[in-house]
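Please read the structure below before turning to the comments.
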Amino acid sequence: SLFLFLVPSFNVLFGLFASVMWSVESAEPGSVTAEEDAVKWSEKQKIEYTANTPPGAKKDTTLLLPSQYSPEYVESSWYQWWEKEGFFSPEQHERLSHSVDQTFSLCIPPPNVTGTLHLGHALTVAVEDALVRWRRMQGHRVLWVPGCDHAGIATQTVVERRLLRAHGKHRQDLTRQEFLQEVWKWKNEKGEEIYHQLRRLGASLDWRRACFTMDPDFSKAVTEAFVRLCDSGLIHRSEGLVNWSCALESAISDIEVDSKELSGQTMLSVPGYENKVEFGTMLTFAYPIEDGEVAVSTTRPETMLGDVAVAVHPEDPRYQALHGKQCRHPFTDRLLPIITDSMVDIELGTGVVKVTPAHDHTDFLLSQRHSLPRVTVIGGDGTMTHPCGEWLKGVKRFDARQLVVDALAEKKLLRGKQSHAMTLPICSRSGDIIEPLLKKQWFVRCDKMAEKAIQAVDDGQLEIIPHLYTKTWKNWLSGISDWCISRQLWWGHQVPAYQVDFVVCVEDEARQRAAVKYGVKPEAVTLTQDPDVLDTWFSSGLFPFAMLGWPEQTADLQRFYPTSILETGSDLIFFWVARMVMLGTELTGQLPFKQVLLHSLVRDKYGRKMSKSLGNVIDPLDFIHGVSLERLQEKVKEGNLDPREQLVAMEAQRKDFPKGIPQCGTDALRFALCSHKIQGEDISLSVSEVLSCRNFCNKMWQTLRFTLGVLGDNTTPVMTLEELTPLSSMDRWICSRLYSTVAQCEQAFEAYELHTVTSALYSFWVHSLCDVYLDERAAVQAETEGSVQVASSVLYHCVSTSLALLSPFMPFITEELWQRLQPFRPGAAAQASLCLQPYPCSSQLVGLQLLNFLTTTTSVFLHQFFIMEIFAAVFSCSWALIWIHVGYSPKPHPLQLYCKNGGKIVSHKPMETSQCRGVEFIIKMKY
């Protein structure tokens, strides 16, 4: 304000020249354009850490710093040391000098044991670890529990395929126990791969508390939960329509059903069929009635053998005369009533629909409303059943489709076929077409629990971030139906129910209950346990408290439950998050967490969902270590894709990764992921974005080398921030930028806006520290000994504080560089590791607060760059002519200063007041 008062013409001058645009020369992480994505890259020199450091020992940082950044060198040894020293354990909290009496706990969404992590998992790890490391550095008692899910269907499918390839055997060729032994053998071989990847991603998990959902203690929790819910009447066994995979011969959950949109007639490959099957057509045929016929339309003619009625809309004028009449089934000779119901769509097909309650969800509801029978005509193996007649019994369902059409044509009842847009449900595990089947299953009554989950959000007890999902939460839970939790598999938690008409937790207890009920001795009772297993999502829904020892009242459960936050992908809000809330509230009497943070989905650079069949699924380790195109293609061949899908995937890889993927390192991958706005739109990640962050790592590396050169060989501690006087205008300016950056990080972290934190840190390090401050320091020729010491101390604090700010995102490089600054540290000795250092906060930088106030007060128009220089110049020579060339920008950009005397450029460096007196200022925006 004072600046504008002294130079009143500045406002006019700025407005006059504020329309000049600039050219883009580089981009910040997360802002790579399509054109820039075609960036070329070449192999960087790989430098290895070769010192003789035993596993778990601290890395030797007295060695000479290599000339350039190499992820292999930087990421060596640190994690083993962190883990061995117990830095990730909540017990470490007691040893922190800056500890506070606050707890921060959460669980990792347990990845499937079936294989390797993908970029979606990497995003989860990057976000959660950033929050965990931030809270730990703030002095909180932090617990982050690792875990792995047994993944019932996925694991059983993988092992069955392996068994078939290796031994030519099917699951049914083995006993249940023999097959389970094969699964455990595979799990013990492959189960550690997930944990290895999590370690490579730098996840600061407490490995001593690692939890697998089939562990004995966890299995005990699953059984206890099932029994308690049964005893309270929330679990029941009844007949219902379920999503059935004929290939797996099991019910599957909604999340395992993919929807394939068909625009019309389409030929698709279906497991178990040599030839492609036609979908996306609407067939019309006639049912005879007493004085004519009624035409019905269907996309599934094979199910007409299970028709029990024909339905029309009560207000459809075309069929008023049919109300209450009957038609005759042409193959079974059954009389089918013609019913009226408002659920019928007048505009669809002929406006008359066949009702097949045992094979269609809508028809099932109609059967309940009109008390109609349910006839199952397709079996669990996908073949037609006995009620169809001998001519169709045992025929595969899609083969039967054509037989039925031919038979209708022969009876002259076929009325036409046309292309029809439709949505086809497909099993994500087997690629099979989902068949709705009527099965007796175990169900959880969810309506009452859902009401409590809705109320928790309405009352503010549970916060969903971003808040846009609150409405979605209410809508889905308001219309929730009973949850089918039984699966016809061998791998998983076997349903703890026995054929004695009630549920018990163990066989001995079952025998005792049965003996009392029937008045016989326990040894006279024979029990048969239900062969089904529980839905994987049932056990996963118990994770926040089962991982802490529930149902036992352990010390961990009492201290860390409820957990602080649940962070996961937005696609799991119903299948996992809602079920955790319902089960946690019901079984423990408390919400399992206080906040839910939902991140967006990771897509490829074209915006497509990651899919193995598209060839765009990338192992995070391929970004970290780099990978050749040949190895990428080998991975596709090693997978479980259909040969035709393999060809498509490999061709996509050749197009997108012609030279493979460059080695970028863990820090670059994590920083790139966190640079995206996770709350809202989906994330399209490209190789060039991660490569850009690797370049940022090299910028940090070279900055540290410069800093060590300035500090010299003398390891005398630098001055503290309080001792930094007097400061030059440039020193004051960089200190003000540091304070502003710390304040930005504080505010953004509290709001979980990690992209704002990374943007502020990148901007400070690259644009303020390197492009301006270090450039100016390098240009200074002569300084007094006192000013050199002050400037060196300012540089030390800027770099050291920035490394601490970046540590939650880039743990490896920040640890490496921070350790090398410790010989120069002023004051008391630091914590052993940067991950245990206090996280910088604005309240501790009070000495910089005034500088920041002065700077930001005079930076309304100049995006906070070079203000101290201009401020000083104007005060010394208020008649200086100031030209501003700038265009509109959504981001702060560095400025470059040109000082002219007449028509001659005197210097293009920032200059002190005495040098700028009486010359013309031209400040150009340069990105």
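According to mature numbering (1 follows the signal peptide of the UniProt record, and there is no 0), the residues represented by the sequence shown are -26 to -1, 1 to 901, in order. Backbone N, C-alpha and C fix where the C-beta goes; we use that ideal spot for every residue, glycine too.
Nearest to Pro440 by CA position, among Ser544, Val101, Trp416 and Gly493, is which residue? It is Ser544 whose Cα lies nearest to the Cα of Pro440.
Put Tyr813 into one of helix, strand or coil per three-state DSSP. Tyr813 falls in the coil class under three-state DSSP.
With 16 as the cutoff for other CB atoms within 10 Å, does Gln66 come out buried or exposed? Classification for Gln66: buried.
For a test of the three-state rule: what should DSSP assign to His335, helix, strand or coil? Of the three classes helix, strand and coil, the one that applies to His335 here is helix, per DSSP.
For Ile787, does the three-state DSSP call read helix, strand or coil? Of the three classes helix, strand and coil, the one that applies to Ile787 here is helix, per DSSP.
With three or more beta-carbon pairs closer than 8 Å as the criterion, would you say the region 48 to 58 touches the region 771 to 787? Counting Cβ pairs under 8 Å, three or more are found: they touch.
Along the chain, where does the beta strand (DSSP E) containing Val327 start, and where does it finish? Per DSSP, Val327 is one residue of the beta strand (DSSP E) stretching across Val326 to Val329.
Could you check how far apart the C-beta atoms of Met423 and Met556 are, in whole angstroms? I think they sit under 8 Å. Your pair Met423 and Met556 checks out as a contact, with CB atoms roughly 4 Å apart and the cut at 8 Å.
Identify, in the order they occur along the chain, each residue of the same chain with its Cβ nearer than 7 Å to the Cβ of Leu561, setting aside the five sequence neighbours on each side. Excluding sequence neighbours, Leu561 sits near Ala199 and Arg202.
For Leu571, tell me which candidate among Phe723, Ser658, Lys495 and Leu522 has the shortest Cα-Cα distance. Ranking Phe723, Ser658, Lys495 and Leu522 by Cα distance to Leu571 puts Phe723 first.
Could you give the residue range of the beta strand (DSSP E) that holds Ala269? Here the beta strand (DSSP E) through Ala269 covers Gly266 to Thr272.
Coil, strand or helix - Tyr492 by DSSP: If DSSP states are grouped into helix, strand and coil, Tyr492 belongs with the helices.
Give me, in chain order, the residues of the same chain whose beta-carbon lies closer than 8 Å to that of Arg389; leave out the 5 immediate sequence neighbours on both sides. Thr258, Phe259, Ala260 and Ala269.
Under a Cβ-count criterion, where at least 16 other Cβ atoms within 10 Å of its own Cβ denotes burial, should Thr775 be classed as buried or exposed? Buried, by the Cβ-count rule.
DSSP three-state label for Asn86, please. Reduced to three states, the DSSP call for Asn86 is strand.
Assign Leu748 to one of two classes, buried (16 or more other C-beta atoms within 10 Å of its C-beta) or exposed (fewer than that). Buried is the call here.
Within the region 42 to 98, note down every full beta strand (DSSP E) run reaching 3 residues or more, in order along the chain. Complete beta strand (DSSP E) runs here, min 3: 77 to 81.
To the nearest angstrom, how far is it from the Cα of Val740 to the Cα of Leu701? When rounded, the distance between both Cα atoms is 22 Å.
Roughly how many whole angstroms lie between the Cα atoms of Gln76 and Arg115? Note on geometry: alpha-carbon atoms of Gln76 and Arg115 lie some 6 Å from one another.
Looking at C-alpha atoms only, which residue of Glu425, His467, Tyr443 and Ile312 is the closest neighbour of Leu451? Ranking the options by Cα distance to Leu451, first place goes to Glu425.
Report the option in Asp530, Asp687 and Pro594 whose CA atom is closest to the CA atom of Ser63. Considering only alpha carbons, the answer is Asp530.
For the putative contact between Tyr53 and Gly165, defined by C-beta atoms under 8 Å, what is the C-beta separation to the nearest angstrom? Approximately 19 Å separates the beta-carbon atoms of Tyr53 and Gly165; this is outside 8 Å, ruling out the contact.
For the beta strand (DSSP E) containing His287, list its first residue and its last residue. DSSP places His287 in no beta strand (DSSP E); its state is neither H nor E.
Between the C-alpha atoms of Arg211 and Leu565, what's the straight-line distance to the nearest angstrom? For the pair Arg211 and Leu565, the Cα-to-Cα distance works out to about 27 Å.
Looking only at its chain, what residues have a beta carbon closer than 7 Å to the beta carbon of Glu364, apart from the 5 residues adjacent to it on each side? Here Glu364 has no same chain residue with a Cβ atom under 7 Å from its own Cβ, once five neighbours each way along the sequence are excluded.
With DSSP as the reference, label Cys851 as helix, strand or coil. With a pLDDT of 36 at Cys851, under the threshold of 50, the modelled position of this residue cannot be trusted, and the question is left open.
Spatial distance of Phe839 from Phe534 (CA atoms): Residue confidence is low: Phe839 scores 38 on pLDDT, short of 50, so the model does not pin down where it sits. Its coordinate-derived value is still stated next. Between Phe839 and Phe534, the C-alpha separation is close to 46 Å.
What separation, rounded to the nearest whole angstrom, lies between the Cα atoms of Lys629 and Leu117? Approximately 43 Å, taken between the alpha carbons.
At the level of alpha carbons, what is the spacing between Asp421 and Phe548? One C-alpha to the other measures close to 14 Å.
Start-to-end residues for the beta strand (DSSP E) that takes in Thr255: Thr255 to Ile263 is the extent of the beta strand (DSSP E) around Thr255.
Member of Phe680, Thr640 and Ser41 whose CA lies at the smallest distance from the CA of Val773: Of the listed residues, the one whose Cα sits closest to Val773 is Phe680.
Identify, in the order they occur along the chain, each residue of the same chain with its Cβ nearer than 7 Å to the Cβ of Val378, setting aside the five sequence neighbours on each side. Counting only Cβ-Cβ distances below 7 Å, and skipping sequence neighbours, we find Pro275, Glu276 and Met278.
Inter-residue CB distance, Val349 and Ala332 (contact presumed, cutoff 8 Å): Taking the Cβ atoms as the reference, Val349 lies roughly 6 Å from Ala332, within the contact range of under 8 Å.
Where does Asp656 sit, in a helix, a strand or coil, going by DSSP? Coil at Asp656, not helix or strand.
Length of the line joining the Cα atoms of Pro113 and Pro120: Looking at the sequence provided, one finds Gly at residue 113 rather than Pro. Rounded to the nearest whole angstrom, the C-alpha separation of Gly113 and Pro120 is 21 Å.
Beta-carbon separation of Ala283 and Ile313 under 8 Å? Their beta carbons are under 8 Å apart, which means Ala283 touches Ile313 by this criterion.
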